[in-house]
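J.: Chains A and B, in that order, are what the protein sequence lines are.
No gaps in the numbering here: position 115 of the first sequence is 115 in full-length UniProt numbering, and each next residue is one more.
No gaps in the numbering here: position 54 of the second sequence is 54 in full-length UniProt numbering, and each next residue is one more.
The beta carbon of each residue, even a glycine, is placed where N, CA and C say it ideally should be.
Please read all numbers here as calculations on a predicted model, not as lab measurements.
Shown below is the structure under consideration.
Number of protein chains: 2
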Amino acid sequence: MADAADAKQTRQDSGKAGLDSLLALLGDDMKRVNEIILEKMQSPVSLIPQLAGHIVGAGGKRLRPLLVLASARLCGAEGERQMSLAACVEFIHTATLLHDDVVDESDLRRGQATAKALWGNQASVLVGDFLFSRSFQLMVSDGSLKVLKLLSDTAATLAQGEVHQLMTANDTETDETAYLEVVRAKTASLFAASCQVGAQVAERPEAEEEALRRFGESLGMAFQLVDDILDYTAEEDPKLGKSVGDDFREGKITLPVILAFQRGEEAEKTFWRRCLEDQDLRDGDLEHALGLLALHNALEDAKTRAFAYAEDARAALAVFPEGEIRSALLESVDFCVERLY
Amino acid sequence: MADAADAKQTRQDSGKAGLDSLLALLGDDMKRVNEIILEKMQSPVSLIPQLAGHIVGAGGKRLRPLLVLASARLCGAEGERQMSLAACVEFIHTATLLHDDVVDESDLRRGQATAKALWGNQASVLVGDFLFSRSFQLMVSDGSLKVLKLLSDTAATLAQGEVHQLMTANDTETDETAYLEVVRAKTASLFAASCQVGAQVAERPEAEEEALRRFGESLGMAFQLVDDILDYTAEEDPKLGKSVGDDFREGKITLPVILAFQRGEEAEKTFWRRCLEDQDLRDGDLEHALGLLALHNALEDAKTRAFAYAEDARAALAVFPEGEIRSALLESVDFCVERLY
């Protein structure tokens, strides 16, 4: 899972341009959010800022906090609340990344965990717990029970999605419905909450809250689908070459594989089972998998689904008047899917 | 840490009698708490109730929820709030145990295979995250920002203490101050919060809240010190034989070792460093360590400190009128230290 997270990071950076408008409009707010993040990850226990700084400082582009700030701005929120809630959402995300780093001895034996020693496991779990607790402290100081309910429900949904994903790993019988449930829970739910909380801070009518929630959820679905597609197509983009096939090697069951498996003949199903379930990988397997994905149009059909979610995200913003923030949010949708071109 | 938890469990069971009065007085409330625990650990993702049920069902004695209920009763609380908050506290504790399964190499907890052994590190981490999120959902439905602040601060303190303990492991330079800080954070803080939340539910004056907090914190300190002492003396109790020396083999730096190390000559320090830092263990090392602990009166002096915390816990209850609940709480202090006889 950690490999997937790294790969995601690489891809985000590759598409950075698409967020320039948001970053330009919200630069000052983001500066404040970054200050809060740095301030709140401090602890007299030195390993905490060390390790948290390593992953926070690794500098994702803070897409989720950016969504909180943009949604709040779109709804005309004033004041500081959205800054600390944006930091809170980033802490939840960072804790998830740290816990995704945790591997099993079996993985260690397979040599998939390279740098991950047991110390790494221990520190990742406990520092993740600390950041997760910190995120709740930030919510509590915000003081809104409505926000607390939204974000604690989201945290439970996230964890549930991660466990569900763990259960579908290496299981080629996983169908599209189960896959979409996992994506909705582990990725789209935090995107949705990030956008919804912005409307809650501005105390806007239910309709706008719901519109932003739908925008975030559809954006999150598109974002993850695109990520899972890029894991097989990144070779088209030299910048991303290093990450192609990570999901395949890990035995992750993503939409392209699900479509190809279902459309394949028995011999192909046997191939997928050997690679993804038995994780018995041989030279040329990835190339053969890519051939099967092409044969069954699996990547193209997965793209079609991603584009549909992106279109739904755009449509959700229709209830808001035209303006530079709305345009910038629409650009962020383009940024998400343009990574496929 | 998990090993210590295993040993703790065993020892709790050995001293069960000391909690009988509390269990008799609060049996109906505990029944309700157990119902809430079973209800709230459900999830459509089947691995969650499976794994959570394995550790929750293993049936610790629910000491922390019992403290919530007893404190609430002592303060004359009515209604149902304390039941769900007691379940909430148990979820926080259970999440910690699940994450300890990853942190430690333990194979057995309460004589059963640990969650990790059965389902793997990742499942332990992610289901722990789910239970932790659930605990926050329970706090949020309780709806008191005061309670939310207390318990979210406590969760952060707990995580910080676990990381701090990770840093002191295998470090013979760890001094008594650092050791006591770790115990206060990783054990006493949740005992303290469990008792304090009972007073908060009853909306009692600050003085009673503080008294119960102090009771819980001192009880927790005594509880952990006794645990760490028993890890070297449990052989005196055949029932506990299997757990003697676990901390020694893990290279955990606990108070008895700190006292013996500081009082030892250079040759002894070299011995402790080889065993605890290099973890280069040979036949007879544990016996030699026990000899050094006796030579320097380390276990006796550690017991003296544990008894002092127990006495402070008893004293903290003086502000409350005599009554069966207060007596039962005093018995729970005896239960904690009588494990040393």
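Measuring straight from C-alpha to C-alpha, what distance separates CYS75 of chain B and ALA188 of chain B?
T.: Counting from one through the second sequence, the residue named residue 75 of chain B turns up at place 75. Counting from one through the second sequence, the residue named residue 188 of chain B turns up at place 188. Straight-line Cα distance between these residues: approximately 21 Å.
J.: Rounded to a whole number of angstroms, what is the C-alpha to C-alpha distance between GLU80 of chain B and GLU209 of chain B?
T.: Translated into the one-based positions of the second sequence, residue 80 of chain B becomes position 80. Translated into the one-based positions of the second sequence, residue 209 of chain B becomes position 209. Approximately 19 Å, taken between the alpha carbons.
J.: Rounded to the nearest angstrom, what separates ILE50 of chain B and LEU97 of chain B at their Cα positions?
T.: Here residue 50 of chain B refers to the residue found at position 50 when the second sequence is read from its first residue. Here residue 97 of chain B refers to the residue found at position 97 when the second sequence is read from its first residue. Per the sequence presented here, residue 50 of chain B reads as Gln, with Ile not at that position. Whole-angstrom Cα-Cα distance: 16 Å.
J.: Between B:ASN34, B:GLY291, B:GLY264, B:ASP28, which lies nearest to GLU173 of chain B when the distance is taken from Cα to Cα?
T.: Along the second sequence, read from residue 1 onward, the residue named residue 173 of chain B stands at position 173. Cα-wise, what sits closest to GLU173 of chain B is B:GLY264.
J.: In whole angstroms, what is the alpha-carbon distance linking ALA207 of chain B and ALA77 of chain B?
T.: Within the second sequence, the letter at position 207 stands for residue 207 of chain B. Within the second sequence, the letter at position 77 stands for residue 77 of chain B. Rounded to whole angstroms, ALA207 of chain B to ALA77 of chain B spans 16 Å at the Cα level.
J.: Would you please state the rounded distance, in angstroms, between the beta carbons of VAL183 of chain B and LEU225 of chain B? I believe it to be under 8 Å.
T.: By 1-based counting over the second sequence, the position of residue 183 of chain B is 183. By 1-based counting over the second sequence, the position of residue 225 of chain B is 225. Yes, VAL183 of chain B and LEU225 of chain B are in contact; Cβ-Cβ is about 7 Å, under 8 Å.
J.: Let's see if you can read the secondary structure: which residues bound the alpha helix (DSSP H) around GLU78 of chain A?
T.: Numbered from 1 along the first sequence, position 78 holds the residue referred to as residue 78 of chain A. Here GLU78 of chain A belongs to no alpha helix (DSSP H), and DSSP marks it neither H nor E.
J.: Decide if GLN279 of chain B is buried, meaning its Cβ has at least 16 other Cβ atoms within 10 Å, or exposed.
T.: Looking up residue 279 of chain B in the second sequence gives position 279. Exposed: under 16 other Cβ atoms inside 10 Å.
J.: Determine the extent of the alpha helix (DSSP H) in which CYS195 of chain A is found, giving its start and end residues.
T.: For this step, residue 195 of chain A is matched to residue 195 along the first sequence. It spans 189-201 - the alpha helix (DSSP H) in which CYS195 of chain A sits, taken as one unbroken run.
J.: Out of A:LEU138, A:GLU277, A:SER144, A:LEU317, point me to the one whose CA is closest to PHE215 of chain A's CA.
T.: Along the first sequence, read from residue 1 onward, the residue named residue 215 of chain A stands at position 215. Closest option to PHE215 of chain A, Cα to Cα, is A:LEU317.
J.: Would you verify that the beta carbon of SER141 of chain B is, or is not, closer than 9 Å to some beta carbon of chain A?
T.: Residue 141 of chain B sits at position 141 when you count from the first residue of the second sequence. Chain A, which has a Cβ nearer than 9 Å to the Cβ of SER141 of chain B, makes this yes.
J.: Please list the residues of the region 41-52 of chain B that have a C-beta atom closer than 9 Å to any C-beta atom in chain A, keeping them in chain order.
T.: Cβ contacts with chain A come from SER43, PRO44, VAL45, SER46, LEU47, ILE48, LEU51.
J.: I'd like the span of the alpha helix (DSSP H) that includes GLN165 of chain A, first residue to last.
T.: Mapped onto the first sequence, residue 165 of chain A falls at position 165. Counting along the chain, the alpha helix (DSSP H) containing GLN165 of chain A begins and ends at 145-168.
J.: For the region 245-315 of chain A, list the alpha helix (DSSP H) runs that are entirely contained and at least 4 residues long, ordered along the chain.
T.: Listed in chain order, the complete alpha helix (DSSP H) runs (minimum 4 residues) inside the region 245-315 of chain A are 246-250, 255-263, 266-272, 285-295.
J.: Note down, in chain order, each residue of its chain lying with its Cβ closer than 6 Å to the Cβ of ALA310 of chain A, except the 5 sequence neighbours on either side.
T.: Taking the first residue of the first sequence as position 1, residue 310 of chain A is located at position 310. Answer for ALA310 of chain A: ALA222, VAL333, VAL337, listed in chain order.
J.: Would you say HIS164 of chain A lies against chain B (beta-carbon separation less than 9 Å)?
T.: Working through the first sequence from its first residue, we reach residue 164 of chain A at position 164. Yes - at least one Cβ of chain B is within 9 Å of the one on HIS164 of chain A.
J.: Three-state secondary structure (DSSP) at GLU176 of chain A?
T.: Within the first sequence, residue 176 of chain A is the residue found at index 176, counting from 1. Helix, per DSSP.
J.: Using CA coordinates, which residue listed in A:LEU145, A:SER135, A:LEU85, A:SER21 is at the minimum distance from ALA155 of chain B?
T.: Mapped onto the second sequence, residue 155 of chain B falls at position 155. The residue with the shortest Cα to Cα distance from ALA155 of chain B is A:SER135.
J.: One question on the structure: do VAL140 of chain B and GLN200 of chain B come within less than 9 Å of each other, judged by their Cβ atoms?
T.: Counted from its first residue, the second sequence places residue 140 of chain B at position 140. Counted from its first residue, the second sequence places residue 200 of chain B at position 200. Not a contact, by the Cβ cut-off of 9 Å.
J.: At 7 Å on the CB atoms, spell out the chain A contacts of LYS149 of chain B, in chain order.
T.: The residue you call residue 149 of chain B lines up with position 149 of the second sequence. Here the neighbours are VAL140.
J.: Among the candidates B:LEU26, B:GLY128, B:GLY161, whose CA atom is the shortest distance from the CA of SER43 of chain A?
T.: Taking the first residue of the first sequence as position 1, residue 43 of chain A is located at position 43. The candidate whose alpha carbon is nearest that of SER43 of chain A is B:GLY161.
J.: How about LEU158 of chain B: is its C-beta nearer than 9 Å to some C-beta of chain A?
T.: For the purposes of this step, residue 158 of chain B is taken as the residue at position 158 of the second sequence. LEU158 of chain B counts as touching chain A.
J.: Assign GLY323 of chain B to one of three DSSP states: helix, strand, or coil.
T.: What you label residue 323 of chain B is simply residue 323 of the second sequence in a count that begins at 1. In the structure shown, GLY323 of chain B sits in coil (DSSP, three-state: anything other than H, G, I, E or B).
J.: In or out: ARG339 of chain A buried (at least 16 other Cβ within 10 Å) or exposed?
T.: Taking the first sequence and counting its residues from 1, one reaches residue 339 of chain A at position 339. Flag for ARG339 of chain A reads buried.
J.: Does DSSP put GLN112 of chain A in a helix, in a strand, or in coil?
T.: Here residue 112 of chain A refers to the residue found at position 112 of the first sequence. Residue confidence for GLN112 of chain A is low, a pLDDT of 41 falling below 50, so the modelled location carries little weight; the figure read from the coordinates is stated next. Residue state, collapsed to three classes: coil.
J.: On the DSSP letters alone, give me the boundaries of the alpha helix (DSSP H) that TYR232 of chain A sits inside.
T.: Reading the first sequence from its first residue, position 232 is the one you call residue 232 of chain A. 206-233 is the span of the alpha helix (DSSP H), which, as asked, contains TYR232 of chain A.
J.: Which residues mark the beginning and the end of the alpha helix (DSSP H) in which LEU26 of chain B is found?
T.: In the second sequence, the residue the question calls residue 26 of chain B occupies position 26. 20-40 is the span of the alpha helix (DSSP H), which, as asked, contains LEU26 of chain B.
J.: Beta-carbon of HIS99 of chain B versus every beta-carbon of chain A: anything under 9 Å?
T.: Your numbering for residue 99 of chain B matches position 99 in the second sequence. For HIS99 of chain B, the answer is yes, since a Cβ of chain A falls inside 9 Å of its Cβ.
J.: Kindly list the residues whose CB is nearer than 8 Å to the CB of TYR341 of chain A, restricted to its own chain and excluding five residues on each side of it in sequence; keep chain order.
T.: Walking along the first sequence from the start, residue 341 of chain A turns up at place 341. Nothing listed; no residue qualifies.
J.: Assign GLU250 of chain B to buried or exposed, taking buried as 16 or more other Cβ atoms, counted over all protein chains shown, within 10 Å of its Cβ.
T.: Taking the second sequence and counting its residues from 1, the one referred to as residue 250 of chain B is at position 250. By the 10 Å Cβ count, GLU250 of chain B comes out buried.
J.: Looking at chain B, is there any beta carbon in it that lies within less than 9 Å of the beta carbon of residue 367 of chain A?
T.: As shown, chain A starts at 1 and ends at 341. That puts residue 367 of chain A outside it, with no answer to give.
J.: Hey, is ALA316 of chain A's beta-carbon within less than 9 Å of any beta-carbon in chain B?
T.: Locating residue 316 of chain A in the first sequence gives position 316, where the first residue counts as 1. ALA316 of chain A does not count as touching chain B.
J.: Closer than 7 Å by C-beta to LYS186 of chain A: which residues in its own chain qualify, once you throw out the five before and the five after it? Chain order, please.
T.: What you label residue 186 of chain A is simply residue 186 of the first sequence in a count that begins at 1. Correct list, in chain order: LEU158, GLY161, GLU162, GLN165.
J.: For ASN121 of chain B, which residues of its own chain have a beta-carbon under 7 Å away from its beta-carbon, when the five flanking residues on both sides are left out?
T.: By 1-based counting over the second sequence, the position of residue 121 of chain B is 121. Once the five neighbours on either side are set aside, the close Cβ partners of ASN121 of chain B are VAL102.
J.: Considering Cα atoms alone, identify which of A:CYS195, A:ARG62, A:HIS99, A:LEU255 is closest to ASP301 of chain A.
T.: Numbered from 1 along the first sequence, position 301 holds the residue referred to as residue 301 of chain A. The shortest C-alpha separation from ASP301 of chain A is found at A:LEU255.
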